[in-house]
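Heads up, the sequence shown is in the numbering used here, so the first residue is -7 and it goes up one at a time. Backbone N, C-alpha and C define an ideal beta-carbon position, used for all residues, glycine too. None of these values were measured; they are calculated from a predicted model.
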Amino acid sequence: MQFRMSSEKGLLLALALWTFCPIGGPGGLNGREPAGPSCQTARFYPIIQVPVKEKNNSNKKRMKRTARSGFFGSIARRIEGFLPFKARNGFNRALYQYLARRVGEHEDLLFWNFGFAGPGSNGGKLPLADSDEKHRYCIQLYDHVASAVDLRGQDVLEVGCGCGGGSSFIMKRHLPRSFTALDQAKEAIEFCNRRYSIPGLSFSCGKAESLPFEKDAFDVVINVESSHGYGSLDHFLKEVQRVLRLNGYFLFTDFRHKDQIDELRGHLESSGFQFLKEEIITPHVLQAMELDHERKMSLLNRKAPRLLFNSLKYWWGTKDSKRYELFSSGEEIYFSYVLQKRNHSGGLSS
């Protein structure tokens, strides 16, 4: 089943339906999903805002926070049970495509990750240009990932580049020989090709589970807060193995439910990667959420459609969102891996 939106209004209608249709099993808002392929997908736990009249019958309206109960909860459960996984994941992609369309209007949308803050109350001050300061914590996540190995003179691929903010930063700061950035959102790639003109930096449209590149094409593959939305993690990992050269590095950071971490590690091991470093960075991500909260809320209050307001707070990780709660309670874990491609005999090539 394919979902095609002929206009922004159609897209917003789809997103409105998606707001009533969070991914997951019978648990609903509890942050859990059944084992199997669905545990590799993104999760939404939006709290829907609907206008209702005050009891004093005044003309003013307030926003009532409504979860999966009553009339709207019934709709959510019916839709959730009816739609197949690919259709539900399609609504998730629709939100991503919507934001990709809007990025040309708002410089604040160049980065969409939850961010990373280092030790200390100031979040670990990475030296940045004044124009990059508002993206500090999102940039620091990219710097945390890219600093794991020396990228100078390397051919690097980023899978899931979004609107290119991280790709541009790594190219300028870490000086690889070439940097190829890939994303499945056509609008995002079109924006990147218009915005960035850095020698050695290029952008391509394609899917993570079927990378449009030759075998042994890259020294390093980077994947930042993207894999949780893929249909098949195994297919993605096989593709990373295929395009990496021997001794090449896979720099991988994302989040999963706490019960999925061992399963994720099993996928990485069975894919043939050597573990060089593994780290839980949830505290750093939480600190970034707190420090970046006001900026994100200011943007959402000015620009977010009301119907999508809470879904976007969850998606972007504001301090008062369900996503923040899941991280702070330990229900979800944010991890960072440095992995290396092994040769066919099971060891590293010399």
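Terminal residues of the beta strand (DSSP E) in which residue i lies
i, result
"residue 314", "Residue 314 -> not in any beta strand (DSSP E); alpha helix (DSSP H) instead, spanning 314 to 320."
"residue 303", "From DSSP, residue 303 is part of no beta strand (DSSP E) but of the alpha helix (DSSP H) over 301 to 308."
"residue 260", "First-last for residue 260: 253 to 262, but that is the alpha helix (DSSP H), not the beta strand (DSSP E)."
"residue 194", "193 to 197"
"residue 333", "324 to 333"
"residue 214", "210 to 216"
"residue 175", "170 to 175"
"residue 201", "No beta strand (DSSP E) contains residue 201, which DSSP labels as neither H nor E."
"residue 124", "Where residue 124 is concerned, there is no enclosing beta strand (DSSP E), given that its DSSP letter is neither H nor E."
"residue 268", "265 to 272"
"residue 150", "147 to 151"
Separation of residue j from residue i, as counted between CA atoms
i, j, result
"residue 32", "residue 323", "Residue confidence for residue 32 is low, a pLDDT of 34 falling below 50, so the modelled location carries little weight; the figure read from the coordinates is stated next. C-alpha separation (whole angstroms): 15 Å."
"residue 241", "residue 206", "17 Å"
"residue 331", "residue 271", "12 Å"
"residue 189", "residue 135", "21 Å"
"residue 278", "residue 175", "26 Å"
"residue 151", "residue 236", "13 Å"
"residue 318", "residue 249", "9 Å"
"residue 259", "residue 212", "19 Å"
"residue 186", "residue 265", "36 Å"
"residue 140", "residue 329", "9 Å"
"residue 196", "residue 131", "21 Å"
"residue 284", "residue 308", "10 Å"
"residue 294", "residue 101", "13 Å"
"residue 275", "residue 182", "35 Å"
"residue 224", "residue 256", "12 Å"
"residue 292", "residue 305", "8 Å"
"residue 113", "residue 281", "Legend: pLDDT at residue 113 = 45, less than 50; position of this residue unreliable, value from coordinates given subsequently. Each residue's alpha carbon lies about 13 Å from the other."
"residue 125", "residue 164", "15 Å"
Where the alpha helix (DSSP H) containing residue i begins and where it ends
i, result
"residue 285", "285 to 295"
"residue 185", "178 to 187"
"residue 166", "157 to 166"
"residue 131", "128 to 138"
"residue 230", "225 to 235"
Nearest neighbour of residue i, chosen from the options [CA to CA]
i, options, result
"residue 251", "145, 326, 201 and 152", "326"
"residue 335", "239, 104, 153 and 294", "239"
"residue 177", "193, 187, 171 and 153", "153"
"residue 209", "216, 261 and 232", "232"
"residue 311", "294, 293, 289 and 295", "289"
"residue 110", "123, 133 and 197", "133"
"residue 245", "216, 143 and 254", "216"
"residue 243", "148, 108 and 224", "148"
"residue 234", "101, 261, 254 and 204", "204"
"residue 226", "193, 261 and 198", "261"
"residue 214", "143, 276 and 224", "143"
"residue 123", "157, 106, 107 and 108", "157"
"residue 286", "269, 119, 121 and 127", "127"
"residue 333", "313, 180, 268 and 173", "268"
"residue 273", "320, 173, 184 and 121", "320"
"residue 179", "171, 198 and 107", "198"
"residue 108", "129, 173, 301 and 172", "129"
Same chain only: Cβ atoms within 7 Å of residue i, ignoring 5 sequence neighbours per side
i, result
"residue 228", "200, 201, 219 and 222"
"residue 263", "229, 230 and 233"
Cut-off 6 Å between Cβ atoms - residues of its own chain near residue i, not counting five sequence neighbours on either side
i, result
"residue 138", "162 and 166"
"residue 145", "169"
"residue 104", "154"
"residue 49", "Low local confidence applies: a pLDDT of 45 at residue 49 is under 50, so the model's placement there is unreliable, with the coordinate-based value given in what follows. Here the set comprises nothing."
"residue 247", "324 and 326"
"residue 253", "325"
"residue 75", "In this predicted model, residue 75 has a pLDDT of only 48, less than 50, meaning its place in the structure is not dependable; the value taken from the coordinates is given anyway. If we look at residue 75 and ignore the five residues flanking it on each side, it has no Cβ neighbours."
Contacting residues, own chain, Cβ-Cβ under 8 Å from residue i (five flanking each side not counted)
i, result
"residue 160", "188, 190 and 193"
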